[in-house]
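Number of protein chains: 2
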Amino acid sequence: MPEFRQDPLTGRRVIMAPERSERPIQVGTGQSLAIGDVDPFAEGRETETTLEVLAYRAAGLAPNGPGWSVRVVSNKYPALQRQGNHTLQQEGIYQSCDAVGVHDVIIECPQSESSLARLSTKQVCEVLKAYRDRLMALKEDRRLEYAVIFKNHGAGAGASLPHSHSQLMALTLIPDAVVGMRARALQHATNLGRPLFDQMVAQELESGERVVLETPDFLVFCPYASRFAYETWILPRHPACHYGEIEPGQLGELGALLRTVLRKLDVALQDPPYNYLLQTAPLQIGDPVQDRWRIEICPRLTGVAGFEWATDCFVNAVLPESAAAILRATDVPGPA
Amino acid sequence: MPEFRQDPLTGRRVIMAPERSERPIQVGTGQSLAIGDVDPFAEGRETETTLEVLAYRAAGLAPNGPGWSVRVVSNKYPALQRQGNHTLQQEGIYQSCDAVGVHDVIIECPQSESSLARLSTKQVCEVLKAYRDRLMALKEDRRLEYAVIFKNHGAGAGASLPHSHSQLMALTLIPDAVVGMRARALQHATNLGRPLFDQMVAQELESGERVVLETPDFLVFCPYASRFAYETWILPRHPACHYGEIEPGQLGELGALLRTVLRKLDVALQDPPYNYLLQTAPLQIGDPVQDRWRIEICPRLTGVAGFEWATDCFVNAVLPESAAAILRATDVPGPA
Numbered sequence: 005m006p007e008f009r010q011d012p013l014t015g016r017r018v019i020m021a022p023e024r025s026e027r028p029i030q031v032g033t034g035q036s037l038a039i040g041d042v043d044p045f046a047e048g049r050e051t052e053t054t055l056e057v058l059a060y061r062a063a064g065l066a067p068n069g070p071g072w073s074v075r076v077v078s079n080k081y082p083a084l085q086r087q088g089n090h091t092l093q094q095e096g097i098y099q100s101c102d103a104v105g106v107h108d109v110i111i112e113c114p115q116s117e118s119s120l121a122r123l124s125t126k127q128v129c130e131v132l133k134a135y136r137d138r139l140m141a142l143k144e145d146r147r148l149e150y151a152v153i154f155k156n157h158g159a160g161a162g163a164s165l166p167h168s169h170s171q172l173m174a175l176t177l178i179p180d181a182v183v184g185m186r187a188r189a190l191q192h193a194t195n196l197g198r199p200l201f202d203q204m205v206a207q208e209l210e211s212g213e214r215v216v217l218e219t220p221d222f223l224v225f226c227p228y229a230s231r232f233a234y235e236t237w238i239l240p241r242h243p244a245c246h247y248g249e250i251e252p253g254q255l256g257e258l259g260a261l262l263r264t265v266l267r268k269l270d271v272a273l274q275d276p277p278y279n280y281l282l283q284t285a286p287l288q289i290g291d292p293v294q295d296r297w298r299i300e301i302c303p304r305l306t307g308v309a310g311f312e313w314a315t316d317c318f319v320n321a322v323l324p325e326s327a328a329a330i331l332r333a334t335d336v337p338g339p340a
Numbered sequence: 005m006p007e008f009r010q011d012p013l014t015g016r017r018v019i020m021a022p023e024r025s026e027r028p029i030q031v032g033t034g035q036s037l038a039i040g041d042v043d044p045f046a047e048g049r050e051t052e053t054t055l056e057v058l059a060y061r062a063a064g065l066a067p068n069g070p071g072w073s074v075r076v077v078s079n080k081y082p083a084l085q086r087q088g089n090h091t092l093q094q095e096g097i098y099q100s101c102d103a104v105g106v107h108d109v110i111i112e113c114p115q116s117e118s119s120l121a122r123l124s125t126k127q128v129c130e131v132l133k134a135y136r137d138r139l140m141a142l143k144e145d146r147r148l149e150y151a152v153i154f155k156n157h158g159a160g161a162g163a164s165l166p167h168s169h170s171q172l173m174a175l176t177l178i179p180d181a182v183v184g185m186r187a188r189a190l191q192h193a194t195n196l197g198r199p200l201f202d203q204m205v206a207q208e209l210e211s212g213e214r215v216v217l218e219t220p221d222f223l224v225f226c227p228y229a230s231r232f233a234y235e236t237w238i239l240p241r242h243p244a245c246h247y248g249e250i251e252p253g254q255l256g257e258l259g260a261l262l263r264t265v266l267r268k269l270d271v272a273l274q275d276p277p278y279n280y281l282l283q284t285a286p287l288q289i290g291d292p293v294q295d296r297w298r299i300e301i302c303p304r305l306t307g308v309a310g311f312e313w314a315t316d317c318f319v320n321a322v323l324p325e326s327a328a329a330i331l332r333a334t335d336v337p338g339p340a
């Protein structure tokens, strides 16, 4: 059973998950395997994963067999498990508890394709719909307080399997980092009389220097204090706490936009490794002053190193204004 | 001029240093260059660096020429600069100031060698002495509040040049992460009547399961809530706030110990990329309840990925108890 431990000095929580040391690593090992030969996520190999918790396939087809477009399964090497005891155990100065929660894998396409950016807009929209459907389903389990969906693309971004996929982790606690962000957003609104996210959108649109793209509902920009070179956020222009409550009509706009942004990064930076994070309000609470869901795309061009681990202060060699100018000027083919 | 920016949502500080995008990258580019052919840190190439701020060489030899054992220079592509205005600039919801401070490179040996673990114990001790001497010198500049010394070894740990070196960054502020640690340590002592570091040393020695090595003055152990697999700390057993105040006699013990620990990691993990951080009390303050200097060695075996960026909560697939058992059992040759 994986276990949460808390560091007494920093307060930081770490999930100890020795089960994960047994997972296969197919990315960045130096071996040049054809992805299709060893791909446990490909259509026709459904028995190589755990049973699906969600899948989109034509009516009449049986679950856990072929014919799907997106498939969500439990992680075979989970960092969190659904059953367990989340009472704190004290051992001298140290504290731990079972790491209770959900750890899903979202398999983004049936074919052996390694890049979300190379899928069709329709397929990207299906992936974004699966994110929504899983968040809405997990919200029903009242023990779960917080969920994050993320993608690790490429060995340099921590991916272990090449087949295009993302992950969802849902916890029985709200991470301190999220508690801290919400408190800052509340403080901002109390001090300045206007929600932080509203002011951020207004200021970015007015200056325009960090804007990559805008659509009726979304703003794409490189944030003012980007941790990573070419970090790019997709943020709803209007209040929107829970990604799970996104309108069906917005899914189409978001899918086309995400695909365009990923393709711009691919062209400008030659298919970089990246992480993206879908940050959204805690599952059981949320208000427009403290929460706005967003997708944070973090290219991983240089290593995070000693200074960052010591100080939690990042060094970024590319100004977000320069990154945005380059991404604005990068042409990519239109929706397909 | 590099600039500190603060993220309004997380409060996190980022140093924007576009100057650093011009630095040469010789590690992990896929080119197999012989290190000696292109090594700007080798003896005889002193003109390829900035002027030295500290060097150990025989009496009578001229500065900035050959004959040195350890040499400290200013980083040619600095993330911090000595002169500047650290008044906050406000631009709407965003804040910035000049990134004032010191950014040194500690060149650890005159020959083109890429690994500190392969240097002699005497040479490792010289490096540790240079750390001490620089910290004591920088303390005299009362604007400087905090300094961290760190090493990035290998491309996977963010190194750009292979020649064995470490870096020192000194800031005019104490990072929030350090402020937070000190506050937690104080709270711990207030609540429990005993300093956290004393209790940590006592508990680790008593249980022994996470201990790798102990010497009269130091404890080497894998911390209870290690962020990284095989993370290993060297911690003084007795109160010691400022590394700069280390006794000359302790430098020998520490040098032999650091070399042994790095060699154990090299053997057990096949020369892994790693970062190490020398955390020490803030330059102008410090007390035994809140501060104890330490060296935190962080092997970088797997990527830090989306979940960590979203939550600041780490997933570690190797229990520190297992890592310590393996490192204890790993034999390395004695001091040389």
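Protein chains in written order, with my numbering: chain L, 5 to 340; chain E, 5 to 340.
We treat Cβ as the ideally placed atom computed from N, Cα and C, and that holds for glycine.
On a predicted model such as this, the values are computed, not experimentally measured, just so you know.
Query	Result
Beta carbon proximity, L/Q203 to chain E, threshold 7 Å	yes
contact_flag[the region 242–262 of chain L, the region 214–226 of chain L] where n(CB pairs < 8 Å) is 3 or more	yes
Where E/A174 meets chain L, residues with beta-carbon distance less than 7 Å	Residues of chain L passing the Cβ test: none, with the nearest at roughly 11 Å.
Per-residue contacts from E/T306 into chain L (C-beta, under 7 Å)	G162
At least three beta-carbon pairs within less than 8 Å, the region 147–158 of chain L to the region 276–285 of chain L	yes
Amino acids of chain L, ordered along the chain, whose beta-carbon sits closer than 7 Å to that of E/V42	Here the premise fails: no neighbours, minimum Cβ distance about 19 Å.
is_contact[L/A103, chain E] using C-beta, thresh 7 Å	no
Spatially closest choice to L/R304 from L/E251, L/S230, L/P114, L/R9, by CA coordinates	L/S230
Bounding residues of the alpha helix (DSSP H) (the contiguous stretch that carries L/I330)	324–333
Collapsed DSSP secondary structure at E/A309 in the structure displayed	coil
Residues, ordered as in the chain, of the region 306–338 of chain E that lie near chain L by beta-carbon distance below 9 Å	T306, G307, V308, A309, G310, F311, E312, W313, A314, T315, D316, C317, F318, V319, N320, A321, V322, L323, P324, S326
Under 8 Å by beta carbon: chain E residues contacting L/F225	Within 8 Å Cβ-Cβ: nothing; L/F225 doesn't reach chain E, min ~13 Å.
Nearest to L/V205 (by Cα), restricted to the options E/T306, E/P6, E/L13, E/L165	E/L13
E/E52 and E/N68 closer than 7 Å at C-beta	no
Best match in L/G248, L/P337, L/W313, L/E325 for proximity to L/D270 [C-alpha to C-alpha]	L/P337
Contact set for L/A193: own chain, Cβ-Cβ below 6 Å, skip 5 residues either direction	P199, V293
C-beta atoms of L/L58 and L/L148 nearer than 7 Å	no
The region 70–86 of chain E contacting the region 107–115 of chain E, beta-carbon criterion three pairs below 8 Å	yes
Unbroken alpha helix (DSSP H) run spanning L/A181, endpoints	180–196
Among E/N320, E/R9, E/Q93, E/D335, the one whose alpha carbon lies nearest that of L/R16	E/N320
Same chain, Cβ closer than 8 Å to L/G48, five either side skipped, listed in chain order	P70
Contacting residues, own chain, Cβ-Cβ under 6 Å from L/D11 (five flanking each side not counted)	none
Spatial neighbours of L/L255 in its chain, beta-carbon cut-off 6 Å, leaving aside the 5 residues before and after	C129, L132, K133
L/Q35 (DSSP reduced to helix, strand or coil)	The pLDDT assigned to L/Q35 is 49, lower than 50, so where the model puts this residue is not dependable, and the model offers no usable value.
C-beta contact flag for E/L323 and L/M5 at 7 Å	no
Residue range of the unbroken alpha helix (DSSP H) whose run includes E/T125	125–142
Completely contained beta strand (DSSP E) runs for the region 218–281 of chain E, where each covers 3 or more residues	222–225, 236–240
9 Å Cβ cut-off: residues of chain E touching L/A192	Strictly speaking, residue 192 of chain L in this sequence is His, with Ala absent from that position. Residues of chain E passing the Cβ test: P12, L13, I97.
Inter-residue Cα distance where the pair is L/I29 and L/I39	12 Å
Within 7 Å, strictly: CB atoms of L/F354 and E/M173	No answer is possible for residue 354 of chain L: the residues shown for chain L start at 5 and end at 340.
Beta-carbon contacts of L/D202 that lie in its chain and below 8 Å, excluding the five residues immediately before and after	P243
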